[in-house]
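As given, the protein sequences belong to chains W and U, one line each in that order. The opening position of the first sequence corresponds to residue 1 in this note's numbering, with each subsequent residue numbered one higher. The opening position of the second sequence corresponds to residue 1 in this note's numbering, with each subsequent residue numbered one higher.
Number of protein chains: 2
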Amino acid sequence: MATLSDIGVAAGLNILSAFIFFVAFAILRLQPFNDRVYFPKWYLKGLRTDPVHGGAFVRKFVNLDWRSYLRFLNWMPAALRMPELELIDHAGLDSVVYLRIYLVGLKIFVPIAFLAWAVLVPVNATSTGLESAGLDNITSSDIDKLSISNVHSTSERFWAHILVAYAFTFWTCYILLKEYEKVASMRLQFLAAEKRRPDQFTVLVRNIPPDPDESVSELVEHFFLVNHPDNYLSHQVVYNANKLAKLVKKKKKLQNWLVYYQNKVERTSERPQIKTGFLGLCGNKVDAIDHHNTEIDKLSKEIALERDNVSNDPKSIMPAAFVSFKTRWGAAVCAQTQQTRNPTMWLTEWAPEPRDIYWSNLAIPYVSLTVRRLIMAVAFFFLTFFFMIPIAIVQGLASIDGIQKRAPWLNPLIEIPFIKSFIQGFLPGIALKLFLIFLPTILMIMSKFEGFGSISSLERRAASRYYLFNFVNIFLGNILTGTAFEQLDSFIHQAANEYPITIGTAIPLKASFFITYIMVDGWAGIAAEVLMLKPLIIYHLKNFFLVKTEKDREEAMDPGSIGFNTGEPRIQLYFLLGLVYASVTPTVLPFIIVFFGLAYVVFRHQIINVYNQEYESGAAFWPDVHFRVIIALIVSQIVLMGLLTTKKAASSTPFLIVLPVLTIWFHIYCKGRFEPAFVRYPLQVCQLIILMANNPTSHVCDLDFPSCIYASTTFILPNL
Amino acid sequence: MATLSDIGVAAGLNILSAFIFFVAFAILRLQPFNDRVYFPKWYLKGLRTDPVHGGAFVRKFVNLDWRSYLRFLNWMPAALRMPELELIDHAGLDSVVYLRIYLVGLKIFVPIAFLAWAVLVPVNATSTGLESAGLDNITSSDIDKLSISNVHSTSERFWAHILVAYAFTFWTCYILLKEYEKVASMRLQFLAAEKRRPDQFTVLVRNIPPDPDESVSELVEHFFLVNHPDNYLSHQVVYNANKLAKLVKKKKKLQNWLVYYQNKVERTSERPQIKTGFLGLCGNKVDAIDHHNTEIDKLSKEIALERDNVSNDPKSIMPAAFVSFKTRWGAAVCAQTQQTRNPTMWLTEWAPEPRDIYWSNLAIPYVSLTVRRLIMAVAFFFLTFFFMIPIAIVQGLASIDGIQKRAPWLNPLIEIPFIKSFIQGFLPGIALKLFLIFLPTILMIMSKFEGFGSISSLERRAASRYYLFNFVNIFLGNILTGTAFEQLDSFIHQAANEYPITIGTAIPLKASFFITYIMVDGWAGIAAEVLMLKPLIIYHLKNFFLVKTEKDREEAMDPGSIGFNTGEPRIQLYFLLGLVYASVTPTVLPFIIVFFGLAYVVFRHQIINVYNQEYESGAAFWPDVHFRVIIALIVSQIVLMGLLTTKKAASSTPFLIVLPVLTIWFHIYCKGRFEPAFVRYPLQVCQLIILMANNPTSHVCDLDFPSCIYASTTFILPNL
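Printed below as a string of structure tokens:
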């Protein structure tokens with residue numbers, strides 16, 4: 001077990017590395033040639049252009065103004081300065097509410113930490129449980145002296161822990177309630193305030209049954225003319241336009257080359273020549289500009305032809321459509337009601353934003369969907385509990401013995417000491433690390449296979465899976481011994497009342513490990529986030545090798561996005577650790593508070609300056625966030641119960657068992673009270689918008705407004 | 001353990017008692033003076049009147065036609081003769097679908113029994129596991145020789161059981177799927193075919209927020225004029241009219257007395273006199289008819305006054321209203337959508353039928369509802385697991401010792417041998433029996449406290465609670481030893497993988513007990529149902545002591561109803577026993593088939609001739625029925641898994657673990673596919689009704705049609 005000084009050294013190292021990251025960031029971001037890496041959001045909004053084109057050549061790349069280096073941390077207050085409303089305008093509601101998760105962390109843990117240090121730390125520290133129980137060969141660390149381990153068994157002091165656990169639960173629930181209320185009203189305000197977004201008038205209809213007599217388009221029109229005669233406006237069938245999309249992409253590429261050659265002509269006033277053969281290495285020499293012009297013309301014709309093909313060929317029409325209504329009210333009614341007797345046909349839901357749609361999943365029939373869910377549920381179970389098996393096999397293959405057996409001709413190479421130590425010390429770790437890096441991608445692929453229709457729901461699904469994986473393999477995996485499957489097996493062979501005891505006993509022992517984990521992942525890791533090392537390198541590589549035109553430079557920017565599917569489960573791990581350790585080892589809390597504070601500043605800066613959110617779901621993820629904090633709370637209560645049982649304070653169990661019951665009830669209450677606002681769209685809001693407009697026709701949108709937007713996107717984007 | 005001959009004797013006794021019940025029924029039902037007990041449904045429909053008033057005096061009471069006694073079982077084919085469609089007309093969809101539960105039992109268990117007897121019984125009977133394991137002091141019964149217990153441990157024969165378990169699962173799921181499909185389509189047809197029922201145009205609005213400036217009625221009108229301008233028709237606020245209801249009841253009673261005295265005058269041509277004082281025993285003598293006439297006039301005036309009071313006094317207006325729409329479509333839209341930003345205000349749902357409404361619960365606010373659910377969940381937990389504690393206390397008090405201690409002056413009485421043996425042998429049992437008799441009532445009271453708004457949902461809730469109670473206390477309670485709480489305790493202290501083993505080991509041992517249980521409860525109990533002993537006695541008592549007028553006689557009839565809250569959980573117990581024992585002890589199956597067949601005939605007869613269903617929910621209970629059969633299926637699979645583990649056929653577990661996964665998936669599929677039809681009301685059906693009518697105005701119901709029905713009921717019925 002680590003002593004306080006061990007922790008101190010680790011903290012020093014991590015603070016140092018975080019500091020280095022910040023200094024590096026401060027230097028790099030001031031260099032003009034990195035401008036597009038650190039401020040892409042402003043470029044995409046058209047509010048920033050490339051730095052001074054004139055002036056000294058060096059100035060274009062390096063910032064020589066030494067004064068700007070002195071204020072190297074001033075991006076932090078700058079990040080905090082933008083007010084929330086402006087931030088919603090700037091980056092959307094999703095990003096703002098995502099930031100609120102960190103704020104919730106601060107709101108929950110700062111008062112909890114004060115209470116824990118004011119009450120629990122003195123109670124624990126003045127006990128002598130460890131000393132009196134101490135055997136000679138076990139030296140208890142200083143952290144343990146401040147933790148619940150130091151209290152004597154059957155001591156009356158445990159009442160302090162129970163009372164404080166009540167206080168923690170009520171405080172957390174209070175904050176969660178307030179926050180749910182706030183986010184729900186923000187969401188409704190956001191939806192109501194937005195100016196006539198097409199998706200507010202549009203409903204996505206899936207599983208349109210095939211009809212031998214009518215085309216899908218006619219069928220949709222007739223169905224909605226009959227069932228929603230007063231509100232139906234128009235519809236847009238979804239096409240499978242893979243080939244068309246390919247052609248459009250090709251044309252774009254050619255146009256880019258054309259621009260490049262035209263720029264060249266301007267600069268060198270010499271018409272460039274290219275070879276038409278393979279990779280421009282062989283074939284006839286032709287004038288580059290003329291050649292590209294003719295190619296583009298040819299492609300344009302092909303595209304027009306293919307476009308006709310797609311819209312006329314019944315095979316390329318998918319059994320899904322976007323149906324637009326004259327009023328928000330009509331769309332709300334259609335999205336929230338069941339259309340036919342067969343509830344698996346004509347499924348309606350609010351249309352996702354055009355950029356949020358995941359096109360390939362729109363045409364999956366209902367039965368196939370349920371089968372896919374079953375397969376993925378089984379697959380995820382195996383992924384969570386048995387992922388170590390393939391990795392162990394790979395590690396076996398990549399070991400010295402494995403290589404010597406399978407590839408004896410490599411022996412001379414392996415004998416080299418450097419390579420040998422590399423294989424021994426590094427390769428096995430890499431297999432696991434690679435798996436963990438690709439895990440979010442694997443989970444996203446699994447969600448895609450399950451058939452969700454929008455990117456936001458894909459990410460939400462992947463996030464909840466990732467959370468489960470983290471819970472089993474990081475939280476439980478580090479508390480208990482053995483692989484996840486061995487744990488599962490031991491849990492099955494254990495009585496239900498032993499679970500809390502098993503976990504409860506191990507929890508205090510692992511406090512110093514998790515403190516280190518928080519510092520590495522939560523301090524240095526967050527600081528590294530701001531440096532954006534990967535996009536920085538890739539941007540400069542692209543800039544050096546690939547960029548030919550201004551448009552290429554624009555495309556070389558990789559602003560990225562929040563990455564809800566990886567980011568949120570990560571935060572949730574800190575909620576879990578914080579709540580679990582709050583009443584057990586309060587020493588953990590300050591480290592978690594530093595994480596939440598630091599991450600809030602860093603991500604606020606990133607959202608303002610870097611990330612470009614791909615879609616806007618209107619904070620539809622908040623119920624998930626809320627639910628996972630509740631789970632963390634219940635886990636913490638169960639752990640405390642187990643811990644007190646091992647301390648033979650068994651009479652406390654009835655007092656503690658009330659807490660999870662109340663917490664579950666609180667969750668059910670919140671679910672009924674707020675969740676509908678995140679799933680449905682209240683009719684009153686629709687009508688209010690109409691009334692506020694004060695203009696009898698303003699609620700009827702331009703006749704072609706929504707459907708034409710969906711039309712253009714459906715035509716060009718599918719299956720990209 | 002019971003031998004085959006023991007079972008034979010028990011079967012003989014139960015068949016005999018069932019036979020006696022049937023004979024008694026055959027004799028009693030033919031007597032004219034029992035006519036209103038055995039055919040009340042026809043009286044209520046106005047299709048049957050009291051038997052021949054003329055003729056011999058004896059003929060009026062006793063049937064002297066000896067030939068009619070010979071065909072004493074001919075009510076059975078008669079009960080089966082009425083076709084299903086006619087039965088829906090006659091008794092409603094609820095009753096018909098309730099009968100289908102018994103049919104499902106037959107459809108599931110007849111093929112399963114054939115397969116089990118063709119495959120499993122030979123496999124078990126030709127084994128010698130019991131003989132070779134048999135110790136001298138254990139004599140295994142004949143039933144055990146036919147059960148899985150007779151197969152050697154680690155035998156290859158268990159593959160037969162595994163294969164057959166697959167067949168059982170697939171067959172059960174197939175039948176359930178077909179039945180769900182059928183019931184769903186019956187429900188939709190029923191709803192669509194019905195002529196303009198008021199509840200199809202009406203939505204119940206609860207949790208109307210208080211408004212300082214407007215009355216509830218104005219508020220409702222404005223809200224719906226704004227939010228549903230095209231469809232809103234009218235509304236009816238719910239009044240708290242307890243006092244009014246009391247007055248109306250009093251007036252009815254007086255009117256009945258008036259009729260009685262008028263009849264008396266006609267018969268005796270002598271004006272009767274009564275005393276106005278207490279119970280007609282003291283006070284002034286007055287003319288009875290005049291006195292009642294003046295009293296009724298006085299009451300009528302009071303009622304008119306109170307009616308004005310109720311409709312004007314804001315305190316008696318509840319925050320709930322029935323809102324009627326011009327079209328079914330408008331009502332469907334309103335019932336299925338969220339009305340306001342705050343999802344706990346203006347809650348809308350389809351209005352229950354007027355007679356299905358449970359008035360007192362209409363005004364409970366949302367927060368109170370969630371608190372009530374929490375309290376009842378906790379209370380039900382204690383009721384299920386700790387109900388033995390108060391009963392044990394009562395039993396302690398009611399024992400000889402207890403009485404001697406607390407009431408020594410009773411000693412001489414207790415010393416009498418007859419009373420002593422009564423106290424010793426009977427009183428303790430009565431305490432438990434009384435509790436079990438009142439349990440459904442207790443559960444109904446709990447559901448009422450939870451705040452459901454319709455009688456049908458109250459009964460559904462009570463049924464699911466009763467099922468849980470039966471599962472824990474009858475199924476598990478008889479398999480395992482000790483009280484429910486001791487079992488709970490031992491389960492908590494047991495590893496999860498031990499559960500199936502604990503249950504699995506005990507299951508075959510209890511087969512003969514459950515066979516006896518089935519015969520007592522399922523054979524003789526069902527036969528007793530047809531005799532209607534309690535209503536028979538009460539009717540004749542009332543007839544003798546209370547009946548004064550024809551109207552009184554009508555009210556003395558107690559047709560009763562199906563009693564979904566007690567009947568359905570009882571059937572489900574048989575599904576559970578049947579599925580669990582199908583692959584373990586196939587001997588149980590024939591007994592269960594006899595139960596389902598007998599019960600089907602008896603209840604079909606009762607539904608045709610006796611029961612008068614209080615409400616019509618359109619088979620809204622089917623999802624519950626389906627779900628519980630699925631649970632029984634999963635329990636049976638788990639039990640088989642545990643059993644095979646104890647038989648050391650552990651390699652079978654992976655094959656068996658697939659079954660619950662598939663069954664759960666099947667349930668999720670069915671839920672998505674069919675359940676919406678039982679909760680929502682598809683818009684297409686609404687439109688179809690309009691189109692079929694071929695008359696542009698026919699879908700607009702008479703302006704006052706729905707609301708006036710609700711108005712009259714609300715005014716007279718609340719809180720009765």
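In this text, a Cβ means the ideal position worked out from N, Cα and C, and glycines have one as well.
Going by DSSP, residue 349(U) is part of the beta strand (DSSP E) stretching over 347 to 350. The beta-carbon of residue 495(W) is placed less than 7 Å from the nearest beta-carbon of chain U. Using a 10 angstroms sphere on the CB of residue 511(W), the tally of other CB atoms reaches 16 or more, which defines it as buried.
Counting only residues of its own chain and dropping the five nearest sequence neighbours on each side, residue 675(U) has a CB closer than 6 Å to the CB of 623. Residues of the stretch 349 to 373 of chain W with a C-beta less than 9 Å from any C-beta of chain U: 366, 367, 369, 370, 371, 373, listed in chain order.
When the Cα atoms are used, residue 264(U) and residue 272(U) turn out to be separated by approximately 8 Å. Straight through space, the alpha carbons of residue 319(U) and residue 216(U) are spaced by roughly 7 Å. Per the coordinates, the alpha-carbon of residue 618(W) lies some 12 Å from the alpha-carbon of residue 193(W). If you look at residue 673(W), you'll find it in the alpha helix (DSSP H) that goes 653 to 674. Chain-ordered, the chain W residues with CB closer than 8 Å to the CB of residue 332(U) read 337. Nearest C-alpha to residue 418(W) among 544(W), 43(W), 400(W): 400(W). According to the DSSP assignment, residue 274(U) belongs to the beta strand (DSSP E) that extends over 273 to 275.
Here residue 208(W) carries a coil assignment [DSSP, helix/strand/coil]. Chain W has no Cβ within less than 7 Å of the Cβ of residue 500(U).
Close partners of residue 230(W) in chain U (Cβ separation under 9 Å): 230. The C-beta of residue 638(W) comes no closer than 7 Å to any C-beta of chain U. Cα atoms of residue 294(U) and residue 248(U): separation of roughly 16 Å, rounded to the nearest angstrom. Using a Cβ-Cβ cut-off of 7 Å, residue 623(W) does not count as an interface residue toward chain U, since no Cβ of chain U sits closer than that to its own. Using a Cβ distance threshold of 7 Å, residue 526(W) and residue 599(W) count as a contacting pair. In this structure, the beta-carbon distance from residue 518(W) to residue 591(W) falls below 7 Å.
In the displayed model, residue 610(W) falls within coil according to three-state DSSP, outside both helix and strand. Residue 472(U) does not reach chain W, its nearest Cβ partner there being about 16 Å away, counting only Cβ pairs nearer than 8 Å.
Between residue 637(U) and residue 169(U) the beta-carbon gap is near 7 Å, inside 8 Å, which marks them as a contact. Residue 317(W) carries a strand assignment under DSSP once its states are collapsed to helix, strand and coil.
At a cut-off of 7 Å between beta-carbon atoms, residue 669(U) makes contact with chain W.
Taken through DSSP and simplified to helix, strand or coil, residue 407(W) comes out as coil. Taking C-beta atoms as the reference points, residue 609(U) and residue 33(U) fail to come closer than 7 Å.
For residue 378(W), the neighbours in chain U by C-beta distance under 9 Å run, in chain order, 661. As computed with DSSP, residue 203(U) is found in a beta bridge with 323(U), 350(U).
The shortest CA-to-CA distance from residue 596(W) to any of 521(W), 488(W), 36(W) is the one to 521(W).
The alpha-carbon separation between residue 229(W) and residue 321(U) amounts to approximately 28 Å.
In the same chain as residue 256(W), and ignoring 5 residues on each side of it, the C-beta atoms closer than 8 Å to its own belong to 548, 549, 551, 552, in chain order. Apart from the 5 residues on each side of it in sequence, residue 663(U) sits with its Cβ closer than 8 Å to the Cβ of 169, 173, 630, 633, 634, 637 in its chain, given in chain order. Runs of the beta strand (DSSP E) spanning 3 or more residues and lying entirely within the stretch 487 to 517 of chain W do not occur at all. Contact annotation: residue 593(W) and residue 10(W) have beta-carbon atoms that are not nearer than 7 Å. Contact between residue 331(U) and residue 224(U) does not hold, since the beta-carbon distance rounds to 11 Å and is not under 8 Å.
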